[in-house]
Amino acid sequence: MFKSQSQLQSYGLAISATFLALVLMLGLDPWFETSQTPFLLFFGAVTVSALFGGTRSGFLATVLSALLINYFFLELKRAISFELVNNVRLLLFILQGFGISYLCGAFRTAEKKAQVSLKQLQRSQEALRESEEQYRQLAENLVEIGFWLSEPQKARLIYVSPAYERIWGCSRTNLYANFMAWSEAIHIDDRERVQKAFYEQALCGGYDQEYRIVRPDGSVRWIHDRGFPMKDESGEPYRVVGLVEDISERKETEISLQETLERLNLAQDSAHAGWWNWDMVNNHVIWSEEYRDLFGLDSTIVPSYENWLACIIEEDREQTDCKTRQALEKQTELNVEFRIQHPSKGMRWLMAIGRPFYSSEGKPVRMAGITLDITERKHSEEALHQSEAIALAWAKELETFMETVPAAIWVARDPQCYQMSANRTAYELMRVPFGSIATSTPASGQYPFSFKTFKNGQEVPLEELPMQRAARTAQEVEEEIEFVFSETDIRYLYGKAVPLLDEFGKVRGAIAAFLDITERKQMQEALRRREEELRLVTNQVPVLISFVNSQQRYRFNNLTYQKWFGRSPAEVCGKHLREVLGESAYQKILPYIEQVLAGQQVSYSSQIPYQDGGTRYRDREQLLQFNCR
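In structure tokens:
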């Protein structure tokens with residue numbers, strides 16, 4: 146059994162090559178007498194088998210070739226020859242065949258190893274190219290941080306990223322020609338220190354410097370420059386890779402903090418604030434005397450972060466601790482408010498303001514700041530919140546009132562009445578969806594409604610509408626208007642528009658409230674028609690008809706009544722009975738009038754003397770009329 150299919154194929158190759166050589170030898174023998182050189186083609190079979198099948202395949206081809214040569218081509222054909230010469234020749238062939246097989250097999254193995262090594266080398270080179278490309282892309286796209294690679298021993302710069310040009314403000318081309326050109330821009334007060342540190346520390350791994358540079362435009366920038374050595378196979382440093390960063394903003398922040406602390410010290414004297422300093426490296430805290438007074442601490446309390454937290458009431462302690470640690474982690478200013486229980490002043494509100502400082506590695510090393518007593522401010526804020534809550538409640542009540550009152554209400558928030566809000570009654574009256582445009586004069590200039598506004602039968606110009614006029618003139622406007630949707634669809638409104646003024650007395654808008662009086666107008670019109678009809682009827686009958694109010698004054702009298710007394714309606718209407726009838730006639734009918742005013746219906750006949758001197762006989766019926774109340 147062969148161990149694998151590959152071995153089976155190699156042995157098959159040996160057998161095939163050997164028998165192919167035999168066939169060729171026998172076929173060519175009549176023309177070329179190949180029997181005189183029986184080993185010729187079999188060497189080829191052995192070589193092919195060893196090259197393509199391996200050493201074992203070559204050995205098999207050698208053995209088969211020896212047997213076939215001995216059987217077909219040596220003397221005493223078809224019998225095994227034991228002659229000395231032939232045996233020596235055959236033995237030499239076998240040795241040569243084994244040697245060829247071994248060498249070809251070794252060559253084949255070496256070729257495979259070379260191919261594997263070549264593929265590995267190609268993969269390594271490809272990975273190296275990808276890494277170099279990724280590194281270059283990373284370096285080329287770093288905007289805030291510059292990257293450089295150099296060989297200080299050879300005074301040669303290998304690479305510097307484009308960020309150098311943004312930070313230094315000059316081309317990086319000169320650096321490749323002049324290795325130390327970058328140091329020429331260093332501020333004169335820092336240059337010698339930085340150059341010395343670079344040559345002494347770059348290859349040792351300790352190069353880490355902050356210095357100033359002067360850019361071509363004269364501006365000064367603060368730089369943080371670091372270098373890290375690269376070592377060869379023997380562990381010796383031969384290159385330095387570094388990072389350079391513009392830290393001007395950070396330096397400005399530090400300077401600003403220093404100035405702030407100075408100002409805080411001045412404010413502390415007048416505001417009774419206390420300052421503090423926390424050295425995180427040595428875990429050492431300093432409190433000023435004013436700081437101790439804020440917390441009510443005596444000199445026996447050791448300043449520490451833990452003792453500070455212990456002074457804060459339990460409800461605020463965890464949140465204050467969390468905000469402090471977040472400020473350190475995110476490198477932001479500390480601004481936290483908390484409560485303490487002062488031993489003599491009771492509950493007090495305090496605010497801590499601090500600025501953290503960091504090492505070149507970005508680790509927090511110190512935090513300094515002040516603490517202020519903001520109790521009074523908190524009380525003011527609480528009062529303000531209460532006022533805002535009351536105002537919000539009032540606004541909610543007003544909103545509820547606007548939605549429940551049966552009047553249409555519009556509110557304009559600008560003097561031009563471009564923006565208006567309205568309640569649902571107003572939207573229903575305008576017949577537009579709730580929340581849509583509520584003003585007749587939007588900023589776009591397009592009239593948004595399907596009705597026209599009329600007054601006394603004339604269309605009202607937009608600028609003369611009640612709200613627009615009130616906002617323009619800063620005067621109240623009270624009038625009756627009409628929304629005309631069509632000739633047969635008219636709504637009558639009555640109301641008032643008033644201007645809204647700001648704290649300086651200037652118009653900031655307007656508000657209007659109108660009632661829909663369409664039904665009342667319709668009732669008045671119906672009443673007017675009925676009165677006309679009644680007047681027409683009463684004027685045609687030959688009977689005296691008059692209406693007198695509860696004050697005994699004439700409100701109406703028909704044409705017969707007027708003819709009888711010879712007076713016009715203007716001379717009678719509104720006058721007292723005594724004035725028209727005369728004192729004698731008035732006293733004659735007064736008892737009957739009092740009965741009517743008492744709620745009785747009275748019928749009587751009487752002879753009544755009038756003030757013109759005549760006497761008339763009358764059949765009279767009087768009754769009391771009640772109004773709607």
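Under this note's numbering, the first residue of the sequence shown carries the number 146, and numbering increases by one thereafter. By construction, the Cβ of each residue, glycine as well, lies at the ideal position given by its N, Cα and C atoms. Please read all numbers here as calculations on a predicted model, not as lab measurements.
7 Å Cβ shell around residue i - same chain, five flanking residues per side excluded
i: Ala224; result: Because Ala224 sits at a pLDDT of 42, beneath the cut-off of 50, its placement in the model cannot be relied upon, and the point is left open.
i: Arg723; result: Tyr731
i: Pro488; result: Gly441
i: Tyr450; result: Trp423 and Val430
i: Gly507; result: none
i: Ala497; result: Leu479, Val481, Gly514 and Thr516
Short Cβ contact (9 Å threshold) for residue i with residue j
i: Ala557; j: Thr584; result: yes
i: Tyr563; j: Thr598; result: no
i: Trp421; j: Pro448; result: yes
i: Glu625; j: Tyr637; result: yes
i: Val389; j: Gly291; result: yes
i: Ala206; j: Thr254; result: no
i: Cys718; j: Tyr737; result: no
i: Arg408; j: Asp391; result: no
i: Phe659; j: Ala552; result: yes
i: Trp555; j: Met612; result: yes
i: Gln567; j: Met575; result: The sequence as given places Ala at residue 567; Gln does not occur at that position. Yes; because the gap between Cβ atoms is below 9 Å, this pair is in contact.
i: Asp353; j: Gln346; result: yes
i: Ala455; j: Glu435; result: no
i: Ala166; j: Phe187; result: yes
i: Ile656; j: Tyr639; result: no
Same chain only: Cβ atoms within 8 Å of residue i, ignoring 5 sequence neighbours per side
i: Glu621; result: Ala615, Lys641, Ala642, Val643 and Pro644
i: Asp377; result: Tyr383
i: Tyr156; result: Phe147, Gly198, Arg201, Ser202 and Leu205
Burial state of residue i (16 or more Cβ within 10 Å)
i: Phe596; result: buried
i: Val168; result: exposed
i: Met668; result: exposed
i: Val193; result: buried
i: Met512; result: buried
i: Ile734; result: buried
i: Tyr321; result: exposed
i: Pro297; result: buried
i: Arg317; result: buried
Chain-order list of residues whose beta-carbon lies under 6 Å from that of residue i (same chain, five-residue window excluded)
i: Ile635; result: Glu627 and Val629
i: Leu473; result: Pro501 and Pro509
i: Asn319; result: Ala326
i: Lys468; result: Val481
i: Trp432; result: Trp421 and Pro448
i: Tyr108; result: Because the chain spans 146 through 774 in this model, residue 108 falls outside it and cannot be assessed.
Neighbour flag for residue i against chain E, beta carbons, 9 Å
i: Gln591; result: No chain E is part of this structure, which consists of one protein chain only.
Three-state secondary structure (DSSP) of residue i
i: Asp438; result: helix
i: Lys376; result: strand
i: Met325; result: coil
i: Gln745; result: coil
i: Ala528; result: helix
i: Pro501; result: strand
i: Gly507; result: coil
i: Gln696; result: coil
i: Arg493; result: strand
i: Ser246; result: helix
i: Gln603; result: strand
i: Asp647; result: coil
i: Ala111; result: Because residue 111 is not part of the residues shown, which for the chain are 146 to 774, the question remains open.
i: Glu739; result: helix
i: Tyr637; result: strand
i: Val305; result: strand
i: Ala588; result: coil
i: Ala300; result: coil
i: Gln486; result: strand
i: Glu632; result: coil
Start-to-end residues for the alpha helix (DSSP H) that takes in residue i
i: Phe204; result: Thr200 to Phe217
i: Glu724; result: Leu722 to Leu726
i: Gln613; result: Pro611 to Thr618
Residue i, enclosing beta strand (DSSP E) - first and last residue
i: Asp353; result: Asp353 to Val359
i: Leu388; result: Pro382 to Asp391
i: Asp661; result: Val652 to Asp661
i: Ile458; result: First-last for Ile458: undefined, no H or E at that position.
i: Ala553; result: Ala553 to Ala557
i: Met565; result: Met565 to Ala567
i: Gln340; result: Looking at the DSSP string, Gln340 is not in any beta strand (DSSP E); the run it does join, the alpha helix (DSSP H), is Arg336 to Gln346.
i: Asn422; result: Gly419 to Asp424
i: His429; result: His429 to Trp432
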